[in-house]
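Student: Line by line, the protein sequences give chains G, P and A. In terms of the working numbering, the first sequence opens at residue 1 and continues consecutively. In terms of the working numbering, the second sequence opens at residue 160 and continues consecutively. In terms of the working numbering, the third sequence opens at residue 550 and continues consecutively. Glycine residues also receive a C-beta, built at the ideal position from the N, C-alpha and C atoms. Just so we're clear, the structure is a prediction, and the values are computed from it rather than from any experiment. Below is one structure. I have some questions about it.
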Amino acid sequence: MTVLEIVDILKHRFGADLVGSVVEGTHPHVVVRAEKLVSVCEFLRDDEKLRFDLLRCVSGVDWMGKNLIEVSYDLISIRFGHALAVKVILDRAKPQVETVSGIWQAANWHEREAFDLVGVQFVGHTDLVRILMPEDWVGHPLRKDYQDPVEYHGLKVKP
Amino acid sequence: MKEIEIHAQPDLLHEGEIASDIRTEELLVNMGPQHPSTHGVLRVVLVTDGELILKATPHIGYLHRCAEKIAENVSYRQYTPYTDRMDYLAAMNNNLGFALAVEKMGGIEVPERAQYLRVIFAELNRIASHLVAVGSYGLDMGAFTPFLYCFREREWIVDLFESVCGARLTYSYITIGGVREDIPEGFVSQCKEFLDFFEPKIREYNDLLSYNHIFINRTGNVGVCPADMAIGYGLTGPCLRGSGVKWDLRKNTPYCKYDEFDFDVPVGDGRFGAVGDCWDRYFVRVMEMTQSVRIVRQALERLSDGPVSAKVPRMLKLPAGEIYFEVENPRGQLGFYIVSEGGNSPYRLKVRGPSFCNLSVLEGLAKNCLLADIAAMIGSLDVVMGEVDR
Amino acid sequence: MQTFERPKIEYTGISKTIAEIAVVVAKIAGPILRRLAWFVFFGVIIFGCAFVWAVGRFVNPLVPWIVRDIIVVAGGLGFVSLVAMVGIWGERKVSGHIQSRLGPMRTGGWHGWLQSLADGLKFVQKEDLIPASADQPLFRLAPYIALVPVICAYVVIPFGASWVFRDRDVSLLFVLAMLGIEVLGVILGGWASNSKWSLYGAMREACQLVSYEIPMGLSLLVPVMAVGSISLVQMGKAQSGGWFNWLMFQNPFLFFAFFTYYIASLASCKRAPFDLPEGESELVAGFHTEYSGFRFVMFFFAEYAAMFAVSAIATIVFLGGWNSPVGDATSGPLWFVAKGMFLVWVQMWIRWTLPRIRIDQVMHACVKYLLPFTMILFVGSSVWQLYGSQFIFYTRFILGGLGLVMVGLFLAGAGYGYVNRGRLVGRLARKHLPGA
């Protein structure tokens with residue numbers, strides 16, 4: 001199934017909740033409203049024609065200039081072999097989105113990483129703690145305005 | 160004869176009485192970050208009841224080197240060596256994944272000879288990486304000898320790599336636009352000699368380890384990961400195929416001339432237990448080595464003369480846009496998500512490490528198993544901490 | 550920044566006096582000794598030889614028992630140390646050759662034969678580290694409890710018909726009892742370390758050893774019944790005359806009892822595939838995780854001494870002890886040591902070939918298979934002795950022939966490996982092979 005057909009199905013099903021879509025180029029994706037993410041993802045996984053069963057990646061991007069944070073969920077269907085990304089665009093001051101870890105267990109660690117490095121709050125996540133950085137680290141390193149702390153537990157961060 | 164009276168003590172047999180008398184509690188054991196079978200600096204917190212594991216929680220991040228943050232400050236070509244350091248056992252494959260992602264985004268055409276060379280080195284590196292996985296899995300199970308046999312063969316592959324690019328672990332050989340240098344004279348015959356030497360050795364590993372009765376008892380029916388669980392947790396590579404799912408990016412979404420080659424995708428068949436147990440995941444790696452040998456042989460046949468690299472400017476600029484591209488690494492699908500704003504360096508680069516996802520299933524697998532099974536599970540997932548933590 | 554500061558040890562009282570005297574003595578004697586090291590070395594050897602010769606030549610009929618005992622104890626201790634050192638070096642060489650490596654090649658010149666001595670010296674120099682939260686007295690005591698009983702076991706092992714330190718009527722029981730005490734040291738060490746991994750190792754050792762003592766004892770009862778004595782010397786004497794007189798070939802039950810004993814003995818001295826107490830991929834290093842320096846060496850020594858001790862029992866009880874396989878002319882301690890060492894070598898061979906068993910499988914194998922099987926052997930052997938005596942003459946040749954075939958197959962395999970050694974080893978080791 002081509003990306004165009006998938007996007008058509010989604011448009012038919014969700015209508016205005018689908019904020020935008022890119023079907024050409026190297027990263028075809030649809031943009032959905034943050035509140036509707038879970039229902040869109042559930043539909044993508046469970047629909048007989050789509051069956052996006054493997055969540056490949058959850059990546060957060062910090063657009064400081066536009067004051068936005070973008071979270072991209074890369075999906076692939078092992079049964080049919082088609083791929084699509086779902087994006088949500090969040091407010092940079094309060095990046096909150098419903099968790100999808102109830103739909104794909106793989107999202108659990110990916111969302112923890114996105115929370116750790118980009119600072120996206122995943123509402124409803126069972127264990128939203130830092131995963132790569134120490135638990136008492138301050139700041140989210142992949143934010144564009146991130147400043148390194150001077151020292152951490154008495155150790156100088158920058159020599 | 161006087162009969163001996165046995166005084167039964169119903170009070171002591173009463174459950175609540177014992178509970179208040181002898182206090183039992185679970186033992187919390189910290190396995191790692193320095194532990195022989197955690198394959199690096201993984202830390203698993205075990206809640207145990209004697210030898211029984213009630214819960215195992217992996218804690219990662221001890222090898223975090225900010226690879227994604229570094230990417231935002233270096234140019235595309237400068238980033239290739241950083242990809243080496245992620246999955247350091249399969250550096251060629253990491254190079255390949257990054258190079259393909261950048262080339263696809265920048266529309267760079269790679270010469271034919273370079274494409275075959277890439278396949279040859281990626282597959283040789285896959286063999287080397289699986290040799291480490293297979294050997295160290297034997298080590299986890301207490302069999303020391305297969306480990307050294309595997310390293311003996313890997314040594315030859317590493318020698319071949321050294322003759323090509325001078326490095327033995329972090330190659331940076333596959334660069335954007337092709338490969339860094341042409342292969343030296345006599346490489347093809349040396350490579351064929353190695354393949355002839357190596358192919359019968361796989362049977363030796365099977366005799367020594369795979370079909371060993373003790374080994375089968377230790378790994379069969381242990382850490383069973385059914386197909387739906389594997390897909391749900393985002394397992395890829397041999398871990399997914401061990402669960403019986405025939406999914407290989409080299410077959411399903413071919414890149415880099417993989418569609419020209421004739422090879423099979425081995426899957427776990429549950430020969431010694433349920434489908435998706437540790438033995439299946441292990442044996443998929445053994446079978447994949449045979450397939451890699453087949454691919455390398457075919458690629459060596461098709462190797463034609465020509466340039467080995469396209470002309471790529473030193474300060475490569477990619478058009479504004481984004482890409483998510485995945486290749487099949489020895490450990491699973493390695494994905495690069497690159498967001499460009501048209502500058503010299505990526506605006507955001509996210510790496511999807513296969514080991515990262517594969518490791519997350521450990522918490523689901525390690526329930527009500529024995530202490531020794533934890534080593535079996537971690538070994539069969541074959542994680543490289545450099546890639547988990549990046 | 551965290552720094553680790555070592556607490557300074559202030560010597561007081563008699564320790565201070567000893568330390569001061571030691572410093573003074575070392576200042577004076579050190580340079581002299583260094584200059585005359587070779588002289589002292591050979592002097593000690595020559596004096597020792599002269600002393601032994603003089604005792605044997607002049608005071609033997611009148612020798613007080615204490616002098617004789619001292620000499621024999623020194624000899625016994627020397628033999629145990631030698632066995633352990635050769636065992637450790639042999640383990641490294643055997644593992645190396647099995648794994649297409651060479652093992653130690655440098656220390657001492659010829660194939661690194663001094664390697665274990667050098668390792669021992671290194672360990673003696675290491676700091677005696679005791680974890681702060683360990684139970685100090687028990688932690689210090691444990692290695693001795695592991696090592697001393699094993700050495701005691703050698704007291705009653707006969708190396709030849711008259712080469713035995715103390716010939717007791719119950720020598721077999723004594724050896725088993727002494728080997729059984731070793732587990733106490735391991736449990737103590739594991740418990741006193743106050744480390745969870747050590748505790749795991751100790752508990753594994755306890756449950757494994759206690760369960761495997763039963764099949765081990767039962768399979769030893771089978772030959773005891775056949776001979777009618779539990780004196781090791783008596784058992785050895787009963788097997789003279791040639792390989793077909795060895796107890797192992799006397800009846801089919803004895804033949805299998807040898808193998809059940811051997812499996813149980815592997816478990817009792819924690820050799821692979823039963824090396825769970827120290828299983829390095831699960832328990833870091835098991836019960837000796839926290840031990841270092843000389844205390845670790847004592848555990849190590851105990852393991853190798855126990856390896857030879859259980860092999861020596863197998864040799865005496867099943868394989869004819871000091872009796873030569875062809876006639877009595879060449880019987881003697883050399884045969885005994887050779888057979889014992891062969892069995893030790895087989896233990897190494899097994900260790901470097903097989904993976905480790907899981908703890909539940911260890912228990913399973915013992916209680917469900919080994920124990921019933923040895924009981925059948927026990928009953929079968931007694932029935933055989935009552936009713937099967939007319940077959941004994943043929944049986945021993947049939948079973949002896951089977952044994953010979955096994956040895957022949959082993960030699961053929963070894964020969965095949967030797968002929969094809971170039972194909973089996975790695976490229977780096979190939980140029981070091983004999984005849985390369």
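Using 8 Å for Cβ pairs, my map puts A/Phe688 next to A/Ala741. What's the rounded Cβ distance?
Tutor: Walking along the third sequence from the start, residue 688 of chain A turns up at place 139. Walking along the third sequence from the start, residue 741 of chain A turns up at place 192. Between A/Ala741 and A/Phe688 the Cβ distance is about 4 Å, and since that is below 8 Å, they are a contact.
Student: Is the beta carbon of A/Met897 less than 9 Å from the beta carbon of A/Val632?
Tutor: Locating residue 897 of chain A in the third sequence gives position 348, where the first residue counts as 1. Locating residue 632 of chain A in the third sequence gives position 83, where the first residue counts as 1. No, Cβ-Cβ distance for A/Met897 and A/Val632 is not below 9 Å.
Student: Figure out for me which residue from G/Phe115, G/Trp104, G/Ile89 has the closest Cα to the Cα of G/Arg56.
Tutor: For the purposes of this step, residue 56 of chain G is identified with residue 56 of the first sequence, where counting begins at 1. Closest by alpha carbon: G/Trp104.
Student: Return helix, strand or coil for G/Val150, following the three-state DSSP convention.
Tutor: Residue 150 of chain G sits at position 150 when you count from the first residue of the first sequence. The answer is coil: DSSP assigns G/Val150 none of H, G, I, E or B.
Student: Regarding A/Ser873 and the ligand COA, is the C-beta to nearest heavy atom distance less than 8 Å?
Tutor: Judged by which ligands are present, the structure shown has none, so any question about the ligand COA falls away.
Student: Tell me A/Asn872's beta-bridge partners as DSSP assigns them.
Tutor: Start at 1 with the first residue of the third sequence, and residue 872 of chain A comes out as number 323. DSSP output for A/Asn872 lists no bridge partner at all.
Student: Taking the C-alpha atoms as reference points, what is the distance between P/Met550 and A/Leu825?
Tutor: Lying before the first or after the last residue shown, residue 550 of chain P is absent from chain P, which here runs from 160 to 549.
Student: For G/Met133, return the contacting residues in chain P, with the cut-off set at a CB-CB distance below 9 Å.
Tutor: The residue you call residue 133 of chain G lines up with position 133 of the first sequence. The answer, in chain order, is Gly220, His223.
Student: Please classify A/Gly835: does DSSP put it in a helix, a strand, or coil?
Tutor: The residue given as residue 835 of chain A occupies position 286 in the third sequence. Three-state DSSP puts A/Gly835 in a helix.
Student: Could you pull out every residue in the same chain whose Cβ sits closer than 7 Å to the Cβ of P/Phe357, ignoring the five residues on either side in sequence?
Tutor: Counted from its first residue, the second sequence places residue 357 of chain P at position 198. Same-chain partners within the cutoff: Glu312, Val452.
Student: P/Leu367 CB to nearest chain A CB: under 9 Å?
Tutor: As a working note, residue 367 of chain P is residue 208 in the second sequence. P/Leu367 counts as touching chain A.
Student: Since A/Ser760 and A/Cys598 should fall inside the 8 Å C-beta cutoff, what is the C-beta to C-beta distance between them, to a whole number of angstroms?
Tutor: On the third sequence, residue 760 of chain A is found 211 positions in, with the first residue counted as 1. On the third sequence, residue 598 of chain A is found 49 positions in, with the first residue counted as 1. Actually they are not in contact, since the Cβ atoms of A/Ser760 and A/Cys598 sit about 48 Å apart, beyond 8 Å.
Student: If you draw a straight line from the alpha carbon of A/Phe723 to that of A/Phe857, how long is it in whole angstroms?
Tutor: Taking the first residue of the third sequence as 1, we reach residue 723 of chain A at position 174. Taking the first residue of the third sequence as 1, we reach residue 857 of chain A at position 308. Distance between the alpha carbons of A/Phe723 and A/Phe857: 16 Å.
Student: I want to know whether the region 694-707 of chain A touches the region 781-791 of chain A - three or more CB-CB distances under 8 Å.
Tutor: The answer is yes - the region 781-791 of chain A touches the region 694-707 of chain A, with three or more Cβ pairs under 8 Å.
Student: What is the rounded straight-line gap between the Cα of A/Gly652 and the Cα of P/Pro217?
Tutor: Translated into positions along the third sequence, residue 652 of chain A becomes position 103. Translated into positions along the second sequence, residue 217 of chain P becomes position 58. If you take the alpha carbons of A/Gly652 and P/Pro217, they lie about 37 Å apart.
Student: Determine the direct distance from the alpha carbon of A/Ser744 to that of A/Leu582, and round the result to whole angstroms.
Tutor: Position 33 of the third sequence, counted from the start, is the residue given in the question as residue 582 of chain A. Position 195 of the third sequence, counted from the start, is the residue given in the question as residue 744 of chain A. Straight-line Cα distance between these residues: approximately 43 Å.
Student: Could you check whether the Cβ of P/Cys437 sits closer than 9 Å to any Cβ belonging to chain G?
Tutor: Numbered from its first residue, the second sequence carries residue 437 of chain P at position 278. Taking Cβ atoms only, chain G never reaches closer than 9 Å to P/Cys437, which makes this a no.
Student: Name the DSSP beta bridge partners of G/Asp145, please?
Tutor: In the first sequence, residue 145 of chain G corresponds to position 145, counting from 1. DSSP output for G/Asp145 lists no bridge partner at all.
Student: Would you mind telling me which residues of chain P sit closer than 7 Å to A/Val833, beta carbon to beta carbon, in chain order?
Tutor: Numbered from its first residue, the third sequence carries residue 833 of chain A at position 284. Under the 7 Å cutoff, chain P gives His194, Pro195.
Student: Could you check whether the region 760-769 of chain A touches the region 811-818 of chain A, counting it as contact only if at least three pairs of C-beta atoms, one from each stretch, sit closer than 8 Å?
Tutor: Flag = yes, the region 760-769 of chain A and the region 811-818 of chain A touch.
Student: At the 9 Å Cβ level, is G/Glu98 part of the contact set with chain P, yes or no?
Tutor: As a working note, residue 98 of chain G is residue 98 in the first sequence. Cβ-Cβ to chain P under 9 Å: no for G/Glu98.
Student: From the DSSP output, read off the bridge partner residues of P/Val498.
Tutor: Taking the second sequence and counting its residues from 1, the one referred to as residue 498 of chain P is at position 339. The partner list for P/Val498 (beta bridge, DSSP) reads P/Glu481, P/Arg507.
Student: Report yes or no: do three or more beta-carbon pairs, one from the region 85-99 of chain G and one from the region 62-76 of chain G, lie closer than 8 Å?
Tutor: Yes, they touch.
Student: In the DSSP assignment, find the unbroken alpha helix (DSSP H) run with A/Gly729 in it and report its ends.
Tutor: Against the third sequence, residue 729 of chain A aligns to sequence position 180. Segment 720-741, the alpha helix (DSSP H) holding A/Gly729.
Student: Listed in chain order, which residues of the region 408-425 of chain P have Cβ atoms closer than 8 Å to some Cβ of chain G?
Tutor: Going along the region 408-425 of chain P in chain order, one finds Asn411, Thr412 with a Cβ nearer than 8 Å to chain G.
Student: Could you pull out every residue in the same chain whose Cβ sits closer than 6 Å to the Cβ of A/Lys917, ignoring the five residues on either side in sequence?
Tutor: In the third sequence, residue 917 of chain A corresponds to position 368, counting from 1. Excluding positions up to five away in sequence, the list is empty.
Student: Got a sec, what are the start and stop residues for the alpha helix (DSSP H) A/Thr864 sits in?
Tutor: Start at 1 with the first residue of the third sequence, and residue 864 of chain A comes out as number 315. First-last of the alpha helix (DSSP H) with A/Thr864: 842-867.
Student: Using CA coordinates, which residue listed in A/Ala691, A/Gly657, A/Phe628 is at the minimum distance from A/Ser747?
Tutor: Position 198 of the third sequence holds residue 747 of chain A. Checked all of A/Ala691, A/Gly657, A/Phe628; the closest Cα to A/Ser747 is A/Ala691.
Student: Looking only at DSSP bridge pairs, what is G/Trp63 linked to?
Tutor: On the first sequence, residue 63 of chain G is found 63 positions in, with the first residue counted as 1. Answer is G/Leu68.
Student: State the Cα-Cα distance for the pair G/Leu37 and P/Asn252, rounded to the nearest angstrom.
Tutor: For the purposes of this step, residue 37 of chain G is identified with residue 37 of the first sequence, where counting begins at 1. For the purposes of this step, residue 252 of chain P is identified with residue 93 of the second sequence, where counting begins at 1. Roughly 34 Å between the two C-alpha positions.
Student: With P/Cys398 and P/Asn284 assumed to form a contact (beta carbons below 8 Å), what rounded beta-carbon distance in angstroms separates them?
Tutor: As a first step, residue 398 of chain P must be located in the second sequence, where it is residue number 239. As a first step, residue 284 of chain P must be located in the second sequence, where it is residue number 125. At roughly 18 Å, the Cβ-Cβ gap does not stay under 8 Å, so P/Cys398 and P/Asn284 are not in contact.
Student: Can the beta-carbon of P/Tyr193 be found less than 9 Å from the beta-carbon of P/Lys416?
Tutor: As a working mapping, residue 193 of chain P is identified with position 34 in the second sequence. As a working mapping, residue 416 of chain P is identified with position 257 in the second sequence. The sequence given here has Gln at residue 193 of chain P, not Tyr. Not closer than 9 Å, so no.
Student: In angstroms with no decimal places, state the Cα-to-Cα distance between G/Val138 and G/Val61.
Tutor: Indexing the first sequence from 1 puts residue 138 of chain G at position 138. Indexing the first sequence from 1 puts residue 61 of chain G at position 61. The straight-line gap from Cα to Cα measures roughly 19 Å.
Student: Could you tell me which residues DSSP puts in a beta bridge with G/Glu98?
Tutor: Walking along the first sequence from the start, residue 98 of chain G turns up at place 98. BP columns for G/Glu98 point to G/Val123.
Student: Within the continuous alpha helix (DSSP H) that includes P/Asn189, where are the two ends?
Tutor: Here residue 189 of chain P corresponds to residue number 30 of the second sequence, with the count starting at 1. Here P/Asn189 belongs to no alpha helix (DSSP H); instead the beta strand (DSSP E) covers 186-190.
Student: Interface residues of chain P around G/Ile78 at Cβ under 7 Å?
Tutor: Here residue 78 of chain G refers to the residue found at position 78 of the first sequence. Correct list: Ile390, Val404, Trp406.
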